[in-house]
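Numbered per the numbering used here, the sequence shown spans residues 1 to 328.
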Amino acid sequence: MPKGTFFFGSLKYDQLFVIVILRNQGDTMKHETVLKEEAIEYLNIKPDGIYVDGTLGGAGHSLRILESLTTGFLYAFDQDDFAINYAKDVLKGFSNYLIIKSNFRYLKQRLNDLGIHKIDGLLLDLGLSSFQIDDVSRGFTYLKETSLDMRMDQSQPLTAELILNTFELDELARIFYVYGEEKNAYKIAHRIIEKRPLKTTMDLVKICDSVNYKEKGHSSKRVFQALRIAVNDELTVLEDVLKDAVDLLNPNGRLVIITFHSLEDRIVKHFFKDESTLDIPKNLPILPTMNTKFEVITKKPVYPTELEMERNSRSRSAKLRALKRKDV
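As structure tokens, this is what we get:
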């Protein structure tokens, strides 16, 4: 086997394999599961329970869930073919799980189709997996020249290139400002339209460099985040799944969510607050029968330890929050 080539699993088609060709420098493509033990702790797993990993990725969380189950079952969702095939190899010692190729936005529907209407816990580890970041061809990186793709589900038609080359000025600026909190959103959008067509990530980086040349961090970071969110409709998907998740939870069931940027965290924080707070007009008495169905069990977000952040720099922006359905 040539140096730098690793086989991760079978595609079950003419004996083909998923082959990952690593960079010439000999770097390894690896997945580091963020807040792994903390997520399992807050899920409070029942050995005979039904659990859902809505973001399978490198299967680190799914593996720990399965290790905690005896007669229980795990349903794992992912829309990325590479992640699914990689996870099958990671989880090959277990039989009490099912991988569902789907965006977790359809989680409730897909589970209901399987006859599952209640679960004991749901974990969402939002954002990109290490595989998606490290695979240059996916277009998520602003450090290498590659195609402007950014799709988590590569079967969908909408790409970053399509957005950049066809959307109107105001819509581009809105995406950069709302999803990336980019203060120079309008200037960058205007420059993009002047420079069309954009074909590679470096075409976009050069534009961001020309506008954000005074930035301390990378000039393109916020714009790339905004495009990724827009391509994959990430915030709307999150809002949708939160509503479905609380309907699915059994009494004492847990919803555990790991976020990686302020937009996601704000949505989760406000949703948890709304679900665990009584909406009662001022000056009205609170009766014993008036109670919320849910309780926030992380009064403050849980952060990675210093050791984890040193070991895995990508964990630095991670926050974990957890919600529990009360036993009522």
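Beta carbons are placed, not taken as given, at the ideal position from N, Cα and C, and that holds for glycine.
Distance CB(Ser147)-CB(Thr70) smaller than 9 Å | Here residue 147 refers to the residue found at position 147 of the sequence shown. Here residue 70 refers to the residue found at position 70 of the sequence shown. The answer is no: Cβ separation not under 9 Å.
Helix, strand or coil: how does DSSP classify Asn252 here?
-> What you label residue 252 is simply residue 252 of the sequence shown in a count that begins at 1. Residue state, collapsed to three classes: strand.
Span separating the alpha-carbon of Tyr303 from that of Asn212 | On the sequence shown, position 303 is the one that residue 303 refers to. On the sequence shown, position 212 is the one that residue 212 refers to. Going by the C-alpha atoms only, they are around 30 Å apart.
Neighbourhood of Ser68 by C-beta distance below 6 Å, restricted to the same chain and skipping five residues each side = Position 68 of the sequence shown holds residue 68. Ile45, listed in sequence order.
Compute the Euclidean distance between the alpha carbons of Met152 and Leu169, then round it to the nearest angstrom.
-> Within the sequence shown, residue 152 is the residue found at index 152, counting from 1. Within the sequence shown, residue 169 is the residue found at index 169, counting from 1. Looking at the two C-alpha atoms, the distance is approximately 25 Å.
What residues are listed by DSSP as bridge partners for Glu295?
-> Counted from its first residue, the sequence shown places residue 295 at position 295. Its beta-bridge partners are Lys324.
If you follow the alpha helix (DSSP H) that Asp274 is part of, which residue opens it and which one closes it?
-> Counted from its first residue, the sequence shown places residue 274 at position 274. Where Asp274 is concerned, the enclosing alpha helix (DSSP H) stretches over 262-276.
In whole angstroms, what separates the C-alpha of Leu227 from that of Phe167?
-> Locating residue 227 in the sequence shown gives position 227, counting from the first residue. Locating residue 167 in the sequence shown gives position 167, counting from the first residue. So the two alpha carbons sit approximately 12 Å from each other.
If Leu320 sits next to Ala39, beta carbons under 8 Å apart, how far is it from one beta carbon to the other, in whole angstroms?
-> By 1-based counting over the sequence shown, the position of residue 320 is 320. By 1-based counting over the sequence shown, the position of residue 39 is 39. With a Cβ gap of about 7 Å, Leu320 and Ala39 count as contacting.
In DSSP terms, what Gly121 is bridged to = As a working mapping, residue 121 is identified with position 121 in the sequence shown. DSSP, once it has assigned bridges, lists Tyr51, Arg254 as partnering Gly121.
Contacts around His61, its chain only, beta-carbon distance under 7 Å, and the 5 residues preceding and following it disregarded = On the sequence shown, residue 61 is found 61 positions in, with the first residue counted as 1. Counting only Cβ-Cβ distances below 7 Å, and skipping sequence neighbours, we find Thr33, Lys36, Ala39, Asp53, Leu123, Asp125.
Check: Leu35 C-beta below 8 Å from any heavy atom of the ligand GTP | As presented, the structure is devoid of all ligands, the ligand GTP included, so that no description of it is given.
Looking only at its own chain, which residues have a Cβ that is under 7 Å from the Cβ of Glu308, when we skip the five neighbours before and after it?
-> The residue you call residue 308 lines up with position 308 of the sequence shown. These residues qualify, in order along the chain: Ser315.
Indicate whether Ala322 and Thr292 have their beta-carbon atoms separated by less than 9 Å.
-> To locate residue 322, count along the sequence shown from 1; it is residue 322. To locate residue 292, count along the sequence shown from 1; it is residue 292. Cβ distance not < 9 Å, so Ala322 and Thr292 don't count as in contact.
Tell me, please, which residues DSSP counts as bridged to Ala76.
-> Here residue 76 corresponds to residue number 76 of the sequence shown, with the count starting at 1. Partner(s): Asp53, Ile99.
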